[in-house]
Structure formats: C-alpha cells, structure tokens
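Be aware that the sequence shown starts at 341, since it is given in the working numbering, and climbs by one per residue. C-beta: ideal position from N, C-alpha, C; glycine also. Here's the structure we're looking at; comments come further down.
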Amino acid sequence: MKTFKILAFLAIVTFFFSACETDVIDPAGSRGEGIIPSIENFNPAVFDVNDKENTFIQFDINVSGVDEVSVIVSFKGDMSRKEIEKLTTFPATVKIFLKDAANLLGVNLDDITPGDAFNFELLTVQGSKTFRSSASFNAAAVCVYDPDLVTGAYHAVSEGWGVDGNVTITVDPDDPYIVYVAGLIELDGLPEDKGPLKMVVNPLNFEVTAVKTVLATNFFGYDNVAYAGFGELNTCDGTYTMNYTITVDQGSFGQYQFILTKL
C-alpha cells in the first residue's frame, strides 16, 4: 500500500527581478537596469517545423523613455547572439520568419528539429547607454495542432508519485483546445467516481493548464482528491509533460511530474 504524507501548506509566491553589480564589462549591455519593454499579443508564438520556409512568429513591443530597442536572437542556448530587428517607434509589431533567424545565425533549416528553440532578448538604448532587458522569450519549432494526434489511449508514468498505467484523453466537442484525462485515480487502484481532469491547451505556444478537478470522493481515507497543474504538449508526437499538484480536503501531497505518452 502506498504511504502518503500530507503536507501542510500556506505559500505566497513572489516573482521578482534581481540584479548584481560587477566590474566585468558585458559587451551585450548593462543588466538588471533600465526600462523593461513589454512583449505581448503573440500570434503565433511558435514556429511550424513542417513549413520552415514560411513559418513566422509575431508579437508587439511597447515601451516609453528609450531611443531604440534591438531584438536579439540566439539558438538552442548558443551564446552567439545576433541582432535581427531594430525599432525606434512604439508600440511596434514585430514579425520574424524562421528562415531569417536561421540564416542570420548560420543554422541550416534542415538541421532544425521539433523542440528546437530560438531565444529572443531585447536590448534598450537610453542616451549613450545600452541595457539588456529582462524581457525575453523562447520560440520553439513545433508541429501544427491536431486534436486526433493529442487524444486517445495514453500511457501515464510518474516516478515520483509511483504510478504506471493507461489513461484516456478525449477532446471537448465544442473546443479542440480543451481535453479531458480519465483514469488517473485508477492508476492508484481506486475507482474514479468524479472527473475527468480538464486540461486547456494554449493555442499560441501549446502550454497546458490542468484546471483543478476533483477526481474521486474517497482516496485512501482522504476526501475529494483533486489534480491541478501545468505542463507542455509536444504536438509532433502527442506527448504531455505535466506537473500535477495532488490535493485532498485535508491538505496537499505536493507536486509530481507525469509523462503522458500516446499509445
């Protein structure tokens, strides 16, 4: 029998930017200083790996109090950054083609595979000073979303939670970007009398949000076991990599990674 430990929790999560001083001159500009531009309205936020010649990402940049903003691109963590766009009026809409970013960095289009990511950063110029903004994002090369590929019979594994078995994923009849996972509680050998778990796929970047859902009323003597969390969907093979927080009325068991692989 699985042994559980309820975690008492009261958490406040704070997101913040930090900077430190250094005597080393950064050729890319000062960090942790200056005005931070906003990056918003991604559409799309990923590249189509099956249409490399035509695929692009598009987004808006808005900022005030700066002379110009440079969009800097790099590939797969390589520190060889290149400027791909320079802007002087705001707000501005930026459209970047995959082939242009690859050519600038000397990357062969044929070498770009599913999951490879380009990193984009912003440099701001204020007077005679250049600052590296904390505003940045990754744009991955992925496959077009296909509801048939991301639903059906799945194999679910969580080493941390200690389960290994099959589940079923179905698509919402009214929204192809909403899916439902049935059978998670049955992996623990118990009946799943509630649920299924609702998951929402972001159509812009295929990040997944698991909406908190009660899946069973009784869970080894605890009440109303629920799953919630976040993750990402590989649209090329249908794999979900999820981080589920598992709770009951009495508290939380914590967060565990689950890999859902299409059978």
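Does the Cβ of Ala-606 have 16 or more other Cβ atoms within 10 Å, making it buried, or fewer, making it exposed? The chain is shown from 341 up to 603; residue 606 falls before or after that span and cannot be answered.
In three-state DSSP terms, what is Leu-463? Leu-463 falls in the strand class under three-state DSSP.
When the Cα atoms are used, what is the spatial distance from Ala-480 to Gly-561? Near 44 angstroms, if we compare the C-alpha coordinates of Gly-561 and Ala-480.
For the putative contact between Met-539 and Ala-556, defined by C-beta atoms under 8 angstroms, what is the C-beta separation to the nearest angstrom? That belief does not hold up - the Cβ atoms of Met-539 and Ala-556 are roughly 17 angstroms apart, past 8 angstroms.
Give me the residue from Asp-514, Gly-405, Ile-412 with the minimum Cα distance to Phe-430. Residue Gly-405 is the option with its Cα nearest to Phe-430.
Taking Gly-500 as the reference, give the member of Thr-585, Phe-396, Thr-579 with the closest Cα. Considering only alpha carbons, the answer is Thr-585.
Within the same chain, show all residues whose beta-carbon is closer than 7 angstroms to that of Asn-564, passing over the 5 residues directly before and after it, in chain order. Same-chain partners within the cutoff: Val-554, Thr-557, Val-588, Asp-589.
For Asn-583 versus Phe-570, is the C-beta distance shorter than 8 angstroms? Result yes, Cβ atoms of Asn-583 and Phe-570 sit closer than 8 angstroms.
Please report the residue range of the alpha helix (DSSP H) in which Asn-443 lies. DSSP places Asn-443 in the uninterrupted alpha helix (DSSP H) bounded by 438-445.
Cβ contact (3+ pairs, closer than 8 angstroms) linking the segment 380-396 and the segment 482-489: With contact defined as three or more Cβ pairs closer than 8 angstroms, the segment 380-396 and the segment 482-489 are in contact.
Rounded to the nearest angstrom, what separates Phe-379 and Leu-530 at their Cα positions? Note that residue 379 is Ile in the sequence shown, not Phe. For Ile-379 and Leu-530, the distance between alpha carbons rounds to 46 angstroms.
Does the distance from the C-beta atom of Asn-296 to that of Gly-523 stay below 8 angstroms? Summary: the structure shown does not reach residue 296, with the chain confined to residues 341 through 603, and so no result is reported for it.
Take Ile-412 as the anchor and find which of Asn-448, Lys-534, Lys-392, Phe-471 has the nearest alpha-carbon. For Ile-412, the nearest C-alpha among the options comes from Phe-471.
Spatial distance of Val-548 from Gly-578 (CA atoms): Linking Val-548 to Gly-578 through their CA atoms gives a straight-line distance of about 12 angstroms.
Ser-473, buried or exposed, once every other Cβ within 10 Å from all chains shown has been counted against 16: Label assigned to Ser-473: buried.
Own chain residues within Cβ distance below 6 angstroms of Ile-452, not counting five before or after: Answer for Ile-452: Ala-481, listed in chain order.
Compute the beta-carbon to beta-carbon distance between Ile-397 and Leu-427, rounded to the nearest angstrom, for a pair I have assumed lies under 8 angstroms. The beta carbons of Ile-397 and Leu-427 sit about 15 angstroms from each other, so the pair does not count as a contact at 8 angstroms.
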